[in-house]
Amino acid sequence: MARILIVDDEQQMRQLVRVYLQNEGYALDEASSGEEAIQKMQNRSCNALILDIMMPGIDGWEVCRQVRKISTETGILMLTAKTEVTDRVKGLDLGADDYLMKPFAPEELVARVKALLRRSTHVGDDKPQDLIIEELCINIERHEVKVASIPVDLTSKEFDILFLMAKRPKRVFTREQVMEQVWPINEWQDPRTIDTHIKNIRTKLKNNRLSFNPIKTVWGVGYKFNFPDGTN
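Be aware that the sequence shown starts at 64, since it is given in our numbering, and climbs by one per residue.
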């Protein structure tokens with residue numbers, strides 16, 4: 064049974080979403096704040112997150128970013144009354160999968176949630192999977208990287224950057240997008256520090272005899288994961 068977490072500071076909205084989804088056979092849970100949502104996700108991941116943006120304290124933007132660090136498999140549907148394209152783009156850049164404007168029709172909400180769950184590759188499986196590319200193995204649960212079964216000593220930030228790109232190999236990340244995904248807002252630095260972290264990742268993996276350069280520079284834009292056969 065797919066588990067869905069409804070996150071909104073307004074009880075009426077949470078109840079409305081619950082009414083729309085309760086007949087679909089999902090296990091529904093609620094969080095009334097960003098802080099509560101992150102705590103629940105840390106305790107037990109869910110298959111889909113229905114997330115309001117405008118909340119006091121930790122808003123939906125930050126929840127989305129934090130959840131993506133906890134789980135890359137959870138489908139995130141953001142609810143918003145904002146109509147600006149820039150807001151929708153920001154949510155997608157932070158890791159959201161879809162957007163739904165308020166007010167919305169029940170049928171559309173249900174359809175979008177079903178689409179999220181279809182795209183999830185591990186519905187009902189809370190255990191993170193290894194990413195294996197040739198001799199490179201990345202394990203999110205243990206926060207561990209190995210080359211040919213030999214552990215590589217990456218820092219926490221280096222691991223997060225490598226995993227971020229390996230999980231979305233077709234996407235090009237700007238320095239600013241990497242900063243938003245990996246660093247808490249109160250720790251944001253000069254985005255060019257990303258260059259140093261990328262250099263360190265490449266050097267450490269090369270020193271451990273990785274046979275390919277795992278991160279490709281896209282000149283004038285940023286970085287992306289680099290498959291050994293160049294198919295991406």
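All C-beta atoms, glycine included, are put in the ideal place defined by N, C-alpha and C.
Closest residue to Met118 among Leu179, Arg77, Asn86 (Cα-Cα distance): Nearest C-alpha to Met118: Arg77.
How many Å lie between Glu125 and Glu239 at the Cα? Put simply, the backbone Cα of Glu125 is about 15 Å away from that of Glu239.
Residue ranges of each alpha helix (DSSP H) within the stretch 187–262, 4 or longer: Correct list: 219–230, 238–245.
DSSP-derived helix/strand/coil call for Val173: The DSSP-derived three-state label of Val173 is helix.
Could you tell me the boundaries of the alpha helix (DSSP H) in which Lys145 lies? Unbroken run through Lys145: none, as it is neither H nor E.
Give the list of continuous alpha helix (DSSP H) stretches no shorter than 4 residues that lie fully inside the stretch 72–114. Fully enclosed alpha helix (DSSP H) runs of 4 or longer: 74–84, 97–106.
Should the stretch 271–287 be called in touch with the stretch 155–172, which here means at least 3 C-beta pairs below 8 Å? Between the stretch 271–287 and the stretch 155–172 there are fewer than three C-beta pairs closer than 8 Å, too few to call the two in contact.
Buried or exposed by the 16-neighbour rule on C-beta atoms within 10 Å, applied to Ile213: Counting Cβ neighbours within 10 Å, Ile213 comes out exposed, since fewer than 16 surround it.
Go ahead and pull the three-state DSSP assignment for Gly158. In this structure, Gly158 counts as coil in the three-state DSSP scheme.
Do you know whose CA, among Asn271, Phe222, Phe290, lies nearest Lys279's CA? Scanning Asn271, Phe222, Phe290 for the CA closest to the CA of Lys279 turns up Phe290.
Same chain, Cβ closer than 8 Å to Arg296, five either side skipped, listed in chain order: The structure shown does not extend to residue 296, since the chain is modelled only from 64 through 295, so no value can be given for it.
How is the alpha helix (DSSP H) around Arg128 delimited, first residue to last? Taken as a continuous stretch (DSSP letters only), the alpha helix (DSSP H) holding Arg128 covers 123–133.
Beta strand (DSSP E) containing Ile278: first to last residue? 278–281 is the span of the beta strand (DSSP E), which, as asked, contains Ile278.
Output the distance between the C-alpha atoms of His185 and Leu273, rounded to the nearest integer angstrom. The pLDDT assigned to His185 is 44, lower than 50, so where the model puts this residue is not dependable, and the model offers no usable value.
Burial state of Ser134, where buried means 16 or more other Cβ atoms lie within 10 Å: Burial state of Ser134 is buried, judged by a 10 Å Cβ sphere holding 16 or more other Cβ atoms.
Going by DSSP, which residues form a beta bridge with Thr285? Before going on, a small fix: residue 285 reads as Gly here, not Thr. Beta-bridge pairing by DSSP links Gly285 to Val281.
Need the endpoints of the beta strand (DSSP E) that Arg273 sits in, please. The question names Arg, but residue 273 is Leu in the sequence shown. For Leu273, there is no enclosing beta strand (DSSP E), since its DSSP letter is neither H nor E.
Here's a check: name, in chain order, each residue in its chain whose Cβ is nearer than 6 Å to the Cβ of Leu69, leaving out the five neighbours to either side. For the record, residue 69 in the displayed sequence is Ile; it is not Leu. Closer than 6 Å at the Cβ level, and outside the excluded window around Ile69, lie Arg77, Val80, Glu93, Ile113.
If you pair each beta-carbon of the stretch 99–114 with each one of the stretch 172–181, do three or more pairs fall below 8 Å? With the cut-off at 8 Å, the stretch 99–114 and the stretch 172–181 touch.
Spatially closest choice to Gly158 from Glu98, Val148, Glu243, by CA coordinates: Measuring from the Cα of Gly158, the nearest candidate turns out to be Glu243.
Please report the straight-line C-alpha distance between Asp161 and Met141, rounded to a whole angstrom. Cα to Cα, the separation comes out at about 6 Å.
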